[in-house]
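Here's the structure we're looking at; comments come further down.
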Amino acid sequence: MSQPTPGPSASPSTTYRLDRRYVLTSVGVQLIGAGVAAMLAFLVWEWIGLLAVVLLLNAVRVLVLPPTVVRADPEGVRLGGPVSARPVHVRWADVEDVSIGRGELVFTRSDGGSVVFSLVHLGSRANTFARDVYDRLNVANGYTRFDPEA
951 MSQPTPGPSA SPSTTYRLDR RYVLTSVGVQ LIGAGVAAML AFLVWEWIGL LAVVLLLNAV
1011 RVLVLPPTVV RADPEGVRLG GPVSARPVHV RWADVEDVSI GRGELVFTRS DGGSVVFSLV
1071 HLGSRANTFA RDVYDRLNVA NGYTRFDPEA
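So, in structure tokens, the structure goes:
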């Protein structure tokens, strides 16, 4: 029996970050909040200026390092991150099927449940993530591509 050949997804872990359009929206909202806080600091109470500084620093942080929305590793995939309500971890061994439809990646688990992840959060990296999921599932289950010459 042949051993599965590790593909490009055999790396320890792959991180997918929030798409730029959502990052820029978040930065814009924080900059507006910082402007309002700065105005209130001049008019009402100067300590509100600290809120403006915190909002500005957070906007720069999010712009430089967008939040992680997916992390795939050899054990499984974690969907969601610090900005989501509850990150979900799905082990590759528990995945029975993966399907793509209407911009969503659906993980069907062996216990009958399913986890739906919207690919719109990944933007242009959505196709790369879908390929990574399929490659990691193949490696986890020991599947290899059929080679008619072997």
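Going by the numbering used here, the sequence shown opens with residue 951, and the numbers climb by one from there.
Built from N, CA and C at the ideal position, the CB exists for glycine as well.
For the pair Val1019 and Leu1055, the CB atoms are not nearer than the 8 angstroms cut-off. Cβ atoms of Ala987 and Asp1082 stay farther apart than 8 angstroms, at about 41 angstroms.
Per DSSP, reduced to three states, the secondary structure at Ser1074 is helical. Between the alpha carbons of Arg1086 and Asp969 lies a gap of roughly 22 angstroms. When the five nearest sequence neighbours on each side are left out, the beta carbons in the same chain lying within less than 7 angstroms of the beta carbon of Gly1026 are those of His1039, Val1040, Arg1041, Trp1042, in order along the chain.
Of the candidates Ala1090, Val1014, Arg967, Ala1090 places its Cα closest to the Cα of Glu1046.
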